[in-house]
Every structure is written in structure tokens, then in C-alpha cells.
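First comes the structure, then the notes that go with it.
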Amino acid sequence: MSLLEVRNLTTAFQTGRGEITAVEDVSFDLNEGEILGIVGESGSGKSVTALTIMGLLPRPPARVATGSVHFAGENLTNLSDSRMQHIRGPGIAMVFQEPMTSLNPVFTIGDQIMETIAAHERLPQRALFARAVEMLEKVGIASAATRMADYPHQLSGGQRQRVMLAIALVCRPKLLIADEPTTALDVTIQAQILDLLLDLRDEFGMAIMLITHNMGVIAETADRVIVMYAGRIVEEAPVATLFDSPRHPYTRGLLECVPSLITERDRLIAIPGTLPEPIRRPPGCRFAPRCRFAQPDCAAGIPPLLRLAPGHTAACIHIPEQ
Amino acid sequence: MTVLIEATGVSKHYPVETGGMFRRTTTPLRAVDNVSLSVEEGETLGLVGESGCGKSTLGRLLIRLLPATAGNIRFGGTDITALGGQPLRNVRRSMQIVFQDPYGALNPRMTVEDIVMEPLLIHGAKPNADSRAQVSDMLSRVGLPARALERFPHEFSGGQRQRIGIARALILRPRFVVCDEPVSALDVSVQAQIVNLLQDLQAELGLTYLFIAHDLGVVKHISTRVAVMYLGKIVEVAEKRALYAEPRHPYTRGLIASVPVTHPSQRARGRAERQRLEGDIPSALNPPSGCRFHTRCPLVQPICREQEPATREPAAGHLVACHLA
Amino acid sequence: MTAPEEIRQSPFNVTLRRLMHHRLFLLGLGLVSIVAIAALLAPWIAPVDPNKLAMRFKFRPPDGDFIFGTDNFGRSLWSRVIWGARLSMFIGSAVVLINAVCGTAIGAAAGYFRRLDNILMRFNDALMAFPAVLLAIAVTAVLGPSVNDVIIALGIVYTPRTARIVRSSVIVLREMEYVQAAVAAGAGHWRILRRHILPNAMAPLIVQLSFLFAYAVLTEATLSFLGVGAVPPTPTWGNIMAEGRQYMIDAPWIIAIPGVALMITVLGLNLLGDGLRDVLDPRLRIQS
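Chains as they are written, first to last, in the numbering used here: chain A, 761 to 1082; chain B, 103 to 427; chain C, 385 to 672.
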């Protein structure tokens, strides 16, 4: 049994123009200690998948239309609010993209870390303080004991993201969901945070679900990768397989369109068009209108995920030759 | 090659009030500090650096969107630093800017036709058939359908809005265009479209670009030469292959080493070999003494803390400001 | 589910469509329309002179002859209230107009030209430091008690508040990149203000003006009630209520009917303003 088992998950939103599905028929497993990368562009459904798992979507307008999320054997989709609060923290923790707005500006970072511990464990003040300082040191904040009294605005963006990691990890979660944790950071700080994530995974042995749009971040960190497009999984593979032999045309496009520091091209290989709006999704394969391998029958029906090799699936009925 | 735009000793200081309620003092924030830079006709000069390094401010100084605190700027051989009124307006025809945020850069209450036509009207054209023809021509050049004309910005995706912003910048047929992070806010699959478009338009219309970005891959792809900025100073400028293959400034090296690997197989080697930069960018309000990079530099020497390094040219066309290079 | 292509998606059309789906806005619009139509049609629906004395009919309660009854001088309350609505609507509109023009001019100047900001806004702050009614009383005391003077007084009282709202939108809009793009294209100050800044500053201004209309109607009634507004026997709601106050026990309708009219007007305007705020507020618009 895996730590996290998501089965046929569909999350729908009620909007002024009817119900839309942000996540559709998504299934995947995540094992202990594993880093699963979820790649997709804005509107692919990757963040909604994470928020559904965390039970953080406002209902209404959101609802889990079908499917289940099992965490350590427990189905999270029909859990009470109070039970879910016990899961969040020691079970699953989350860090967000924007370290500026994720911290409360009127409390010191020490207060915010200690409050998180106190919500789950009864400890004397001195023990709380010691735990918080220890955690700040682990995430690489220098002179942690004195920084406990700092307010968020006194920290740089990178330090804030470190504090967010400290808050997320202080209850030793089994699963950390990191939603674009480095997107708002500069490249030198991004490298520091990614290294830190890997070190913390090795130390705590937690599983990480890393959501990003950046294939480089995936190449640096992930063990296994899921590629999402317009709400659905289009490819899943171990990270080396995905980079060596991507099979879905969208995955290939994503890998090709980013200019690298090593290879040189006269022109970039762009994916034409834009992601369809949820209310205007094309019939059949949603990527077909932008796909250079598309055939007329691509519009016939939503292609199922086909198993190509152990652990490698892709949702394409005309998988191009390498 | 002729120099199209040249900045000499340009600075931009913002007064910032610091201190408590009663003892206020005004400290200059040195967003751009004594920078000299030239862009040659027909080239793309990439300008990279982390947030807050002053790269956007420098771009705006060059096209007189911001007044410089010190230094002078020459465009096509004329000093434009102190121009005002009609002469400045005439120069603006030749220098345009494409912005980062495709949402904030277009007036939500104007149609695409009005947005793209406005620069023509500012420069004396009448909203007649001729102007309209120019607008449609420009829209088709940037890859937008004719029916886009009467639509409003909110009806377009980020990539399409960026095309509208490019059309507005090019309608006056400028010679020099500052591209201020034009693809940073776009989805990766759309970034390549816009980069290709900018390159096509450059070839068609003979444009010169200053391409500001923090993505080193995109900058390497599009640039002829690359300048690296750190805390208001340019630390290295070189032809792009020289800069990426043989970076001479430790900051440039650290920056390149921080770019994620392109294949998971490079991961282990990457972590072991690459020297990543420690620490955060210091505040521009109180920059470090001597070389501004010395607080993060892995090779720091005593002299770096005391003396600001002069810019030297260790190889032809390769400028670097470091005591150790 | 694709939207029909013919519907033009201009920001104005989008706003209008949302307003037409906002129930409380429609209710407010309905209430205000009733008052406004009554005011417009006053010469036809209330042909009896509101100031015509008829002592033999005094203190007639509402009945078949007198829909709203009569007051202590036998004047038709129906006529007085309808003509009062006309005055309230006129004063409200005039104050809103003065505010729209002066408040926008002062606010735009202060927000756009940084040099003017300090002078204009400190003067503004000084005016705003007085309670609205007290300042209005002071101004009418200087100018004199007539409808025009009340309008000027209310204009002076409320313009600083409008100017402040316009100024804060202008400060935000001045930094927008489309404004920078216009500067880069060589546009002058007047063009930037007229084409790029003011049209985008209208949304919060319209919301403010709809609330302001309600305040103006209410403050005018207060001034009349206190005897420092338009002189009696001018049929303003405040005047009618001030006279009816003495006969509250014996002829409660004299004070109640203009009171209800005032309440309907103010409630309608506030609902209207709330609806406009829901639809026009930029913070909510970003999410769509």
C-alpha cells in the first residue's frame, strides 16, 4: 500500500457559466520517501489536485465529483473538518509559491512556528521554543535563536521560504506538498531551496509532491513525474525515462521549447496556440489542436492512459516514434 | 558595427526615508550606480541579474522613461540626457519598450485597435484609413487575427496580450526596443512563441534590442552579447558564447551554476561539482563596501572588501569588474 | 457552452450584464426610480400647489380626497412630498455633479502631479476634520438659507471626500505599465489623464457618488429639519418633518410620510451603491 493513493479524482467548480472540471479522472500513487514531480502550465489542474488532497478548497464552489484520496489508508475526501485538521501538520503539510503572503505579518516567525507545534502537541513553552529553534537551524537560518523574534518583513524572500519549510516540517509530516516553492525566487536562491528540500527529504524520510512548471526543477529533484494538461494526466514515468523517451507530444513539446545552456538552436521549437479555457475544451484529446502529430481521430474521444513500460503511461492514441 | 545607444556613468538614486518616527534621515537607494554600457546597431544585448539588481531601472533610464541622477545617454550620436518637450517626443519614436506583465500593460478600457493606434495619434496621425491599415498590418505581423481589432484586452490570453504589447511598441517603427522580461510571466509553452516572434521581427524590421531577463537560458538563446548586473553595477559583459563558456566574474559563474540541470543524469555531478552561491542579495540601501559581491563571493580576498574593482578587458570585447579575474 | 460571438465583450457590457443579475442592485434601482419618476412627473401627478393654504381642510388624515392627508395649514401632503422629492433629487444630483467635477479635478491633480499633492490634500484634510453637518451649517450661515446655497454648502462638505478617493485610484493607476507605455510613446499629461487614468478611475468614483447622493439627500433633510436649510414654506422633506414634529401625536402622518419617502430614497441609493461596488470593485474583478 502506498502512502498516498489518488483514484479517479475529479474536482469540479461551480462558476457563473456552469460547472467546470479543474481536475479530471486523476489517479496516482506516492510512496514513502519518494519525490513525485507534477508538471503542468497554469490551468493544468496541478494546484487544484494538491488543494483537493489537502481539503483546502472552499466548498462550494468546489466539490469532489468522483474518486477518492487515501492517505495512510484513510479516505480524505469524506473526512470531517476536525479530523482533517489532525491530518494537516503531522500527516500532510504544504508550502506555497508566495512566501510573502503565506506568513502572517503581525506575528514573529518564532510565534508562528511554535503555534504550529502547539496545535498538535502539548508541550511547555521552553520545549516549544527549543523545537522551533532546532527546526530553523535545520532549514538553514543562521543564528536561529535570535531570528525567532523577527517579523516576516525583516526576512528576504529566500529566508521566508525557509521559514515556511520550517513551519511545514516542524510536525514531521509524512508527506510534504510543495506548490511551486521556488517560482517566486531568484535562480541562486532557487538552487539553495531545492538543495535544502533534498537534504530534508534524506533526513526526515518524508514523501514530497513537488508541483512546478519548470522541467529543470523536475530534473534536479524528482524520482517520478506526472505531466498534466487541461485537468488530465497525459504522461507518467520515472524521471530518467521521461527525459530520455518522452512519449506524449505535449511532454516532448515541454522539453523542447525551453532553451538550454548547453545546446544551441536558431529557433526555439514552440508549441503553437494556448491552453484551452475550461469551458472551451476541445472534444477528444485536449492537446490535439496544438499537436503537430494530430490526426482526425484524435477528436473522437478522450484517449486513455496506455501502459508503455512498467511505470510509464501516456494518454495518446498516435504516440510518435522517437 | 556602430553604437546605437550608449550610457556613460549613468546612475539612478532614489531618496528613501529611514530611521524612526523622530529621527528621519534620507538615504539614497542606488538602484543603478555609475553604469556604462553600449548597445550596437542590430544586436540584442541581454541583461541578466537577480530581482532588485537594477536591470529594469537601467532599461528605463536608457529610453528616458526615468530621469537619470547622473551620467549621460547618447542615442544615435546625440546626447539625449537632458532633452525635453518636442525634441524628446521625437526621440521617443525611435525607442520603445515591451513590458513584463501582459495584464497591467494594456489599458482595459481600450480596444486593441485603439491601443495599437495610440502611438500614431500621439505623433500627429489622424485616425483614418491609412492609420487603420498600419494597425492591421502590424497586428498580422505579430500574429494576431484581424478580428482582434475591436476586442478588449481581457478577451485574450497572456501570450496574445504580449503580442498586442509588441505591436504597440513597433507601430512607430522604432530602432531600439527595450524588452523588459517579456516572457517571464508567460507559460513555458507560450514563451517560445514570443521569443521566436521577437527574433523574426528583429530580422524583418532591423531592430536593436536590450533584452532584460532573469532566465539565463532564454537570454543565451536570443542575445548577441550579454551583460550581468549585480546590485546596481554591471559586473561582466561579453559575447554570449564567451560569457557562458568562460565566465570570468565569480557572480556570473555562480549564476550559471544555479540554473537547474537539463537532464536528471547530470544531477549527482551537478550537486557535487557546482559551486552554488550562498546567502542572500544585500540591500541596495546599504550595499557592501568595496566589491559589492564580496559578501557572497567564494573567492573573496581582503582587497575586495576595501576597494571597488575597476572594469578591465582581459580578452577583446570581454569586460569584467573583479580584482581576481 | 461557448458564449455567443455577437455579444461584444466590452468592459461596459460586461459590467452591465453583471449589474442586471445583481438582485439588490435591481431593488435599489427600482426604489430610486420610483422617487425619481415621481419627482419628474410632479406637475402632472401633483397638480395642486404644494404651498396652497386651505385652512378648512387642515389635519385631514389620508383618505379618498387627500391621498397623504393634509398638514396644519391644510396643504396637500401628497403635493408637498412629491414636490419635496423633486427638490431632494435636484439637490442630490447637483451635489453629485459638483463633486464629480471638482472632486475629480482636485483628486486627479493631487494624485498625478506629485508637487500639488501635499498642498491640496492638507487643505482637504482640514475640511474633512469638521463633522459634515456642522460644516454645512457654518457654510449656510455664511451664504444664506436657499436651495442654491444648500447645494453649494453640501458641495464644499463632500468634495474633499470624493477628491481623496479619486486621488488614491490615480496614484495606483499612474504606475500602471500602460501609462508607462503611453509616456514611452510620447504622450503628454493631458492625454494620459484623459485616456488612461480617468477612465480607469471611474469605477470607484461612481460607487462613491451613488453613496454621496444618499448622504446629500439625508444631510439636506437634516439641515431643513434644523431650520438652516431652504426656508419654509419650501416643500423639502426636512421642512415638512420639522413642521410635523409639533403635531406628531395628533397627526402622525405629517412626519411619517416624508420620513418614509426619505428612507426609501436613501435605502434605494445605498443598495444601488452596494451593487455597483460589488460589480465594479477591482479587487473582485480580478478573479473573473
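All C-beta atoms, glycine included, are put in the ideal place defined by N, C-alpha and C.
| query | result |
| --- | --- |
| Interface partners of Pro400 of chain B on chain A, CB under 9 Å | The premise fails here: Pro400 of chain B is roughly 12 Å from chain A at the closest Cβ pair, so nothing lies under 9 Å. |
| Check whether Leu1015 of chain A and Pro1006 of chain A have beta carbons under 8 Å apart | yes |
| Cβ neighbour criterion (16 or more within 10 Å) applied to Pro1080 of chain A | exposed |
| CB-CB length for Ile968 of chain A against Ser807 of chain A, believed under 8 Å | Rounded, the Cβ-Cβ distance is 16 Å, inconsistent with contact. |
| Assigned secondary structure, Glu389 of chain C (DSSP; H/G/I helix, E/B strand, else coil) | Per-residue confidence for Glu389 of chain C stands at a pLDDT of 44, beneath the threshold of 50, marking its modelled position as unreliable; no derived number is given. |
| CB contact check: Cys1017 of chain A to chain B, cutoff 8 Å | yes |
| Simplified DSSP state of Thr397 of chain B, which is helix, strand or coil | coil |
| Arg249 of chain B: contacting residues in chain A (beta-carbon distance under 7 Å) | Neighbours of Arg249 of chain B on chain A: none; closest Cβ ~16 Å, over 7 Å. |
| Residues near Lys322 of chain B in its chain [Cβ-Cβ closer than 8 Å; skip 5 each side] | Gly148, Val328, Lys342, Tyr346 |
| Contacts of Phe1003 of chain A in chain B (Cβ-Cβ under 7 Å) | His365, Pro366 |
| Which listed residue (A:Val799, A:Val783, A:Gln845, A:Gly870) has its alpha carbon closest to that of Ser828 of chain A | A:Val783 |
| Residues within the stretch 562 to 589 of chain C neighbouring chain B, beta-carbon criterion of under 9 Å | Tyr562, Val563, Gln564, Ala565, Ala566, Val567, Ala568, Ala569, Gly570, Ala571, Gly572, Arg575, Arg579, His580, Pro583, Asn584, Met586 |
| Own chain, CB closer than 6 Å to Pro1038 of chain A, minus 5 neighbours either side, in chain order | Ile780 |
| Thr171 of chain B beta carbon less than 8 Å from that of Glu142 of chain B | no |
| C-alpha gap between Ala248 of chain B and Arg234 of chain B, whole angstroms | 11 Å |
| Beta-ladder partner(s) of Ala150 of chain B, from DSSP | Position check: residue 150 of chain B holds Val in this sequence, whereas Ala was assumed. Val150 of chain B pairs with B:Ala315, B:Val330. |
| Ala1059 of chain A, buried or exposed, once every other Cβ within 10 Å from all chains shown has been counted against 16 | exposed |
| Cβ separation of Phe441 of chain B and Ser196 of chain B, assumed to be a contact under 8 Å, to the nearest whole Å | The requested residue 441 of chain B is not part of the displayed model; chain B covers only 103 to 427. |
| Identity of the residue in C:Leu408, C:Leu410, C:Gly458 nearest Val432 of chain C by Cα | C:Gly458 |
| Three-state secondary structure assigned by DSSP to Phe443 of chain C | coil |
| Top-ranked residue by Cα proximity to Pro345 of chain C, from C:Arg506, C:Leu461, C:Gly495, C:Ala426 | Residue 345 of chain C falls outside the range modelled here, since chain C spans only 385 to 672, and no answer is possible. |
| C-beta contact flag for Ile798 of chain A and Thr812 of chain A at 8 Å | no |
| Bounding residues of the beta strand (DSSP E) (the contiguous stretch that carries Arg558 of chain C) | Segment 531 to 558 is the alpha helix (DSSP H) holding Arg558 of chain C; no beta strand (DSSP E) there. |
| Coarse secondary structure for Asn838 of chain A, derived from DSSP in three states | coil |
| Span of the alpha helix (DSSP H) around Phe964 of chain A | 947 to 964 |
| Closer than 8 Å to chain C by CB, Gln198 of chain B | yes |
| C-beta neighbour in chain B for Ser530 of chain C, strict 8 Å | no |
| Any chain B beta carbon closer than 8 Å to Gln845 of chain A | no |
| Stretch-stretch touch, CB-based, cutoff 8 Å, three pairs: the stretch 151 to 167 of chain B with the stretch 542 to 557 of chain C | no |
| Proximal chain B residues relative to Ser394 of chain C, where beta-carbon distance stays under 7 Å | Phe254 |
| Check: Leu312 of chain B C-beta below 7 Å from any heavy atom of the ligand MN | Absence of the ligand MN is noted for the structure shown, with no ligands found whatsoever. |
| 8 Å contact criterion, which Val523 of chain C and Ala614 of chain C should meet: CB distance rounded | Contact doesn't hold; Cβ gap of about 14 Å is too wide. |
| 7 Å Cβ cut-off: residues of chain B touching Met505 of chain C | The contacting residues do not exist; Met505 of chain C stays about 18 Å from chain B at best. |
| Short CB-CB distance (under 8 Å) between Ser360 of chain B and chain A | yes |
| Where Asp841 of chain A falls, given that 16 or more other Cβ within 10 Å makes a residue buried | exposed |
| Residues bridged to Ile852 of chain A (per DSSP) | A:Arg848, A:Leu935 |
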